[in-house]
Amino acid sequence: MIPLEEARELLLSACPVMETEHRALGASLGCVTAEPIVAREDVPPFLNSAMDGYAVRSADVAEAPTRLRVVDSVMAGDGRPVSIGEGEAVRIMTGAPLPDGADAVCMVERTTTGSDGQWVVIEDAVSAGNSLRRPGSDIAAGGEVVSIGTELTPAHLGVLARLGLESVPVHRPPTVGVLSTGDELRQGPAPLPRGAIRDGNRPMLIALIERAGYSTIDLGIVPDDAATLRKVFENAATECDAFVSSGGVSVGDLDVVRIVLSEMCGPSMHWMQIAIKPAKPLAFGVIDGRVPVFGLPGNPVSSMVSFELFARPALRRMGGHTEVVRPTLSAVTDVDLTRDADEKVHLLRVVAGVDGTGRLHVRPSGGQDSHQLRSLAEANALAILPDGPGARAGDEIGVLLLDGERLASSGS
Ligand code: AMP
Ligand code: MG
């Protein structure tokens, strides 16, 4: 058996980082920048008001309260040339360009306007620059605004749109072909013949990949036949950047993924026994030096855990991410988590929640056998139990949060 980190490192180092593409801004959420992005103009582009109020000459209001003549009114988007002279003010709205001659804005709440709108009393002195937004005070032209290797968030898209960019240089997100292997697998509601089961892994893996931000191609259920499986890989290799399969990687007679990958991938093929439970076996290889294949185990929970620990980080590496592994958080277990020593790290399906002080707590979400997928559906985290006797209630343990938006509140 090899340690988890060693297996993951092997995969990560064998996966190619995807090429750069110029991607439409609206389709680039979650993508990773392949070049630094430099601002080609100032934001804001002109000197403007930060408040609704009156544009004034600060020298005129030094002896406030002061009465000024209102000579004009400017709204956001009003591009007319407007100016003021001594003893004058212009009514101004947030975001409107500052009139020539003015050097400050007095907020409307500190003014009294005459009933005819012809004059205003400024109640407080304001200094030059008051309530103004300078050009480039958000983003300065010529500066780096998004560094290389940044995962684009909604706010980044806003920043890039404000600079007038319609596309952005990012690593192309991989397209992933997904298949299930097994003669026993069926899809849909038809009654099951004896010995058959329904395929749960493919919809789950497709959803996991799409949630990670990548598109998928559904390659269906493939029987336990090496020639058929090989054809599926060969035919789809041109349109897929990676494959995720489940089943066929253990030591059974029909473990076709292992067999086909060893034929197709040469020395890049690795069949590993990893020191974890669940998800001990994993097959991995790279087809044509270009298309990694993640051969996950067939047991549904093993499939999901193996995806989380190995395939997801590797796909993220392909997509240009530098942080590819979920951070290990610290949580208090509310119950004893006993286990036997077996030289493996155990990953337990748990419900994580926060208590009144913001501390993370976990408890098992249900049965922990590797065919019991339901308890994984109830879980939002995996607890990491290193080899040994386990943890006692109240102990701090490591946790991988799978779904941070589904944090329950914990009574503890
Ligand atoms: P295997 O890794 O192919 O030996 O499969 C291990 C176990 O997982 C067997 O009980 C399979 O029937 C089951 N299994 C394999 N693939 C799937 C699947 N796609 N959905 C549900 N169970 C599966
Ligand atoms: Mg099988």
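Take the sequence shown: its letter number 166 is residue 155 in my numbering, and every next letter is one higher. Quick reminder that beta carbons are idealized off the backbone N, C-alpha and C, glycines included.
| Query | Result |
| --- | --- |
| Sequence-distant residues of the same chain with beta carbon closer than 6 Å to G84, five excluded per side | N37, A65 |
| Residue from P281, E75, A268 with nearest C-alpha to A231 | P281 |
| Sequence-distant residues of the same chain with beta carbon closer than 6 Å to A(-4), five excluded per side | M261, I263 |
| Identity of the residue in V339, P163, A320 nearest T346 by Cα | A320 |
| S17 versus V79 - alpha carbon distance | 43 Å |
| Residues near S364 by beta carbon distance below 6 Å, same chain, minus five either side | R338, S354, G355, G356 |
| D213 Cβ short of 7 Å to the ligand MG heavy atom set | yes |
| Test item: CB-CB of H160 and V343 under 8 Å | no |
| Closer than 7 Å: N37 CB and nearest the ligand AMP heavy atom | no |
| Distance cut-off 7 Å: G426 Cβ against heavy atoms of the ligand AMP | The chain is shown from -10 up to 401; residue 426 falls before or after that span and cannot be answered. |
| Check: G132 C-beta below 7 Å from any heavy atom of the ligand MG | no |
| Buried versus exposed call for S291 [16 or more other C-beta atoms within 10 Å across all chains shown] | buried |
| Proximity test, V238 beta-carbon vs the ligand AMP heavy atom, cut-off 7 Å | yes |
| Distance between G131 and V27 (C-alpha atoms, nearest Å) | 6 Å |
| Whole-angstrom distance between R306 and V115, CA atom to CA atom | 54 Å |
| Nearest residue (CA-CA) to K269, options E75, K333, V50 | K333 |
| G241 Cβ short of 7 Å to the ligand AMP heavy atom set | yes |
| Local conformation of G15 per DSSP, three classes | helix |
| Distance, A3 Cα to A382 Cα | 40 Å |
| Any non-hydrogen atom of the ligand AMP within 7 Å of G171 CB | yes |
| Within 8 Å, strictly: CB atoms of G241 and G284 | no |
| I210: first and last residue of the uninterrupted beta strand (DSSP E) it sits in | 204 to 211 |
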